[in-house]
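Letter 158 of the sequence shown, counting from 1, is numbered 158 in UniProt numbering, and no numbers are missing.
Positions of the beta carbon are idealized from the N, C-alpha and C atoms, including for glycine.
Let me begin by presenting the structure, written as structure tokens, before commenting on it.
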Amino acid sequence: MSKDKIIHAAMEVFSEHGYHRASMDEIAMRAQVAKGTLYYNFPGKAQLFKTIVKQALQDIINHTCQDLDNISISIEEQIRRIIRHNLDVILESRNVAHIIFNELSNGIEPEVLDEIKALKLEYLSFIGELLEEGKRNGYIVDVQPMIAASGIIGMLQSACNYYLSHQEQMTREELEHSLFTLITQGLLTNLE
């Protein structure tokens, strides 16, 4: 229970102040736990930050992999579900979204960044394998699957970042539809 309170408070503090200006004292205060409890659960700020980011990425990976692994659905439905799972995790927590979009490139400790990169690569590889299979079956154009997977994830993250600041301009369903259309059909109507 204390660990969950600490993680929730840390998400708020990291989101509001950034990684470097966040303090363990403020996190303990917001979580309403003693500093000893905070340090017992998380020996340092880097470990706490890593836990938050890894948990968010793991949520996306788990939901997507569990939903798509070993089931027979069309490539269109697979892409739709990849979009939906990313939007679910990113849009349901503004604090996590802010951390992912703004703090991952702000001088985080190299070992923490390496673990986060490894998780992201695991997810990209999973999507890349789905795209490779779609390519082999003639549903996906001849592109490098890992580049396509990276492009899809980058587009989803950028679009979510934009959406969080401009929600009055579109519904979540419109965002999801626009992303699906861009990923599956591109921008151009006819290339002849």
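The shortest C-alpha to C-alpha distance from Cys65 to any of Leu130, Glu173 and His166 is the one to Leu130. Nearest to Lys3 by C-alpha distance, out of Lys35, Ser23 and Ala22, is Lys35. Within the UniProt domain "HTH tetR-type" (1–60), the runs of alpha helix (DSSP H) at least 4 residues long that lie entirely inside it are, in chain order, 2–21, 24–31 and 35–41. Per DSSP, Ile71 lies in no alpha helix (DSSP H) segment and is marked neither H nor E. Note that the segment 10–26 does not touch the segment 70–87; fewer than 3 beta-carbon pairs, one per stretch, sit closer than 8 Å. By a beta-carbon distance limit of 8 Å, Ile99 does not contact Ile61. Their separation comes to about 17 Å. Taking a C-beta distance under 9 Å as the contact criterion, Lys45 and Ala22 qualify as a contact pair. Burial check for Glu111: the Cβ neighbour count within 10 Å stays below 16, so the residue is exposed.
Within the segment 106–171, complete alpha helix (DSSP H) segments of at least 4 residues are found at 110–136 and 145–165, given in chain order.
Taking each of Ile152, Tyr39 and Ala10 in turn and checking the Cα distance to Glu26, the smallest one comes out for Ala10. Collapsing the DSSP output to three states places Leu187 in coil.
With the rule of 3 Cβ pairs closer than 8 Å, the segment 151–159 counts as touching the segment 84–96. Under a 10 Å Cβ-count criterion, Gly128 is classified as buried, with 16 or more other Cβ atoms of the shown protein chains found around its own Cβ.
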